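Residue numbers (full-length UniProt numbering): 1 to 327.
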Amino acid sequence: MSRVVLVTGGAGFIGSHTCKRLAEAGILPVVFDNLSTGHRTNVRWGPLVEGGLEDTGRIVEAIQTFRPECLIHFAASAYVGESVEDPGKYYRNNVAGSVSLLEACRQAGLNRIVFSSTCATYGVPPRLPITEDTVQLPVNPYGRTKLMIELMLGDYARAYGFRSVALRYFNAAGADPDGQLTERHDPETHLIPRALMAAAGRVDRLDVFGDDYATPDGTCIRDYIHVVDLAEAHVAAVDYLRNGGDPLKANLGSGRGTSVRQVIDAIHQVTRKRVPVQLLARRAGDPPVLYADTTWARQTLGFRPQLSDIETIIKTAAPGFGLEVRS
Ligand code: UDP
Numbered sequence: 001m002s003r004v005v006l007v008t009g010g011a012g013f014i015g016s017h018t019c020k021r022l023a024e025a026g027i028l029p030v031v032f033d034n035l036s037t038g039h040r041t042n043v044r045w046g047p048l049v050e051g052g053l054e055d056t057g058r059i060v061e062a063i064q065t066f067r068p069e070c071l072i073h074f075a076a077s078a079y080v081g082e083s084v085e086d087p088g089k090y091y092r093n094n095v096a097g098s099v100s101l102l103e104a105c106r107q108a109g110l111n112r113i114v115f116s117s118t119c120a121t122y123g124v125p126p127r128l129p130i131t132e133d134t135v136q137l138p139v140n141p142y143g144r145t146k147l148m149i150e151l152m153l154g155d156y157a158r159a160y161g162f163r164s165v166a167l168r169y170f171n172a173a174g175a176d177p178d179g180q181l182t183e184r185h186d187p188e189t190h191l192i193p194r195a196l197m198a199a200a201g202r203v204d205r206l207d208v209f210g211d212d213y214a215t216p217d218g219t220c221i222r223d224y225i226h227v228v229d230l231a232e233a234h235v236a237a238v239d240y241l242r243n244g245g246d247p248l249k250a251n252l253g254s255g256r257g258t259s260v261r262q263v264i265d266a267i268h269q270v271t272r273k274r275v276p277v278q279l280l281a282r283r284a285g286d287p288p289v290l291y292a293d294t295t296w297a298r299q300t301l302g303f304r305p306q307l308s309d310i311e312t313i314i315k316t317a318a319p320g321f322g323l324e325v326r327s
C-alpha cells in the first residue's frame with residue numbers, strides 16, 4: 001500500500017473501526033496509542049506505535065518513519081462526568097496532548113489533520129436540528145477541551161498552513177457487522193451498551209436518567225450514529241484533504257432523534273429480551289434533545305449514513321454482549 005495515515009487512538013472504539021475502513025480503502029493505518037483505554041487486539045490492519053501524545057519526539061519519529069499523508073486524531077479522554085470531577089486530566093490529555101501532537105506535526109511537516117470533535121461543543125443548543133454555525137457553548141470540561149482543539153486548529157491553519165477537518169460526532173454506537181470489533185469501554189457509561197448489558201443479565205438493570213423531560217415519552221432524545229458510518233466519513237475526510245479541500249467542520253449524525261425509551265423498545269424487538277430498568281432522577285448536565293443537521297457533511301464529504309437506523313445499530317452491537325438477534 002502506498003497510502004499511509006497516522007491514527008492516534010486507533011486502538012479505541014471509533015479509531016479501530018476507522019482503521020478497518022481505511023485498510024478496505026487501500027490505505028495503511030499506522031496506530032499511535034498508549035493503550036490506556038484502547039485494546040491491543042483492536043490493532044489489526046497496520047502497525048502499532050506505542051506512545052503518548054506528550055512524547056513529541058516519538059511522534060516526529062513515527063511521522064518520519066511512515067511518511068503518512070494525513071493524521072487522524074482520536075486519542076482523548078472522553079467521559080463527560082469524569083471531566084467534571086477531574087478537569088485537570090482532560091486539559092492535560094486532550095489540550096496539552098494535542099499541542100504536543102500538533103507541534104510534532106509541524107516539526108515533521110505533516111499538515112493535514114482529521115480531528116475527532118463532538119456535539120458536546122454545542123452545549124445546550126438554542127435551536128434544533130444543530131447546524132455547524134450553531135453557537136458553541138460547551139457545558140462541561142470535556143466539550144471545552146474539544147472546542148479548544150478546534151480553535152487551535154484554526155490558528156495553526158492561519159499561521160502554519162495546516163488544513164484540517166473537524167468531525168463533530170453525535171452519539172457513536174453499533175459495532176462492526178463482521179463481528180471483528182465490538183464496543184468495549186471500562187467503565188461503560190453509554191446508553192446502548194449499558195442497556196444491552198442489562199438485557200444480557202450482565203448488570204442487574206439499566207438506570208434511566210429522567211422521564212420528565214419535555215419530549216413525547218419524557219426521556220432524553222439523542223442522535224445515534226453507527227460507528228461504521230463514522231468510519232466511512234473519516235476515509236472521505238482524508239480524501240477531501242488529499243484533493244485540496246479547505247478547512248472544514250462537519251456534523252456527523254443520523255439526522256434523527258431517538259429517545260431512551262425507543263432504544264429500550266428496539267432492544268426488546270431485536271433480541272426478544274426485556275431490558276430491566278430503574279427510573280432515576282435526571283443526570284446533571286444532560287440536554288433534553290440533541291440531533292444533527294447533516295446537510296453540510298453530505299455536501300462536502302458525500303456523507304450518507306447506511307447503518308444508522310436504531311434497529312441496525314442494535315443488531316450489530318447485540319452479539320458483542322452475547323445476545324442473539326431474533327428479528
Ligand atoms: N442514559 C440513561 N442511562 C444510562 C446511560 C445513559 O438513561 O445508563 C441516557 C442519558 O441520560 C442520555 C442518553 O441516555 O439522555 C444518552 O447518554 P450517553 O451517556 O449514552 O451519551 P451522551 O448523550 O451523554 O453523550
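Backbone N, C-alpha and C define an ideal beta-carbon position, used for all residues, glycine too.
Values in this document were obtained by computation on a predicted structure and should not be read as measured data.
- Three or more Cβ pairs drawn from the region 83-95 and the region 134-151 lie within less than 8 Å of each other, which places the two stretches in contact.
- Ala-11 is not a Cβ neighbour of Leu-28, given a cutoff of 7 Å.
- In terms of side-chain proximity, the C-beta atom of Phe-303 is found no nearer than 6 Å to any non-hydrogen atom of the ligand UDP.
- The ligand UDP has no heavy atom closer than 6 Å to the beta-carbon of His-185.
- Taken in chain order, the whole beta strand (DSSP E) runs of length 3 or more contained in the region 8-59 are 27-33, 48-50.
- The region 279-292 and the region 211-222 touch, with three or more beta-carbon pairs separated by less than 8 Å.
- The region 305-315 makes contact with the region 168-188, as at least three CB pairs between them are under 8 Å.
- When C-alpha distances from Arg-58 are compared across Arg-21, Gly-15, Ala-104, His-17, the shortest belongs to Ala-104.
- Annotation for Met-148: Val-95 place their beta carbon closer than 6 Å to its own, counting only its chain and skipping 5 residues before and after.
- Going by DSSP, Tyr-224 is part of the beta strand (DSSP E) stretching over 224-226.
- Selection Val-124, Ser-117, Asp-178, Ile-130 evaluated against Leu-151 yields Ser-117 as nearest (Cα-Cα).
- In the three-state DSSP reduction, Gln-64 falls in the helix class (H, G or I).
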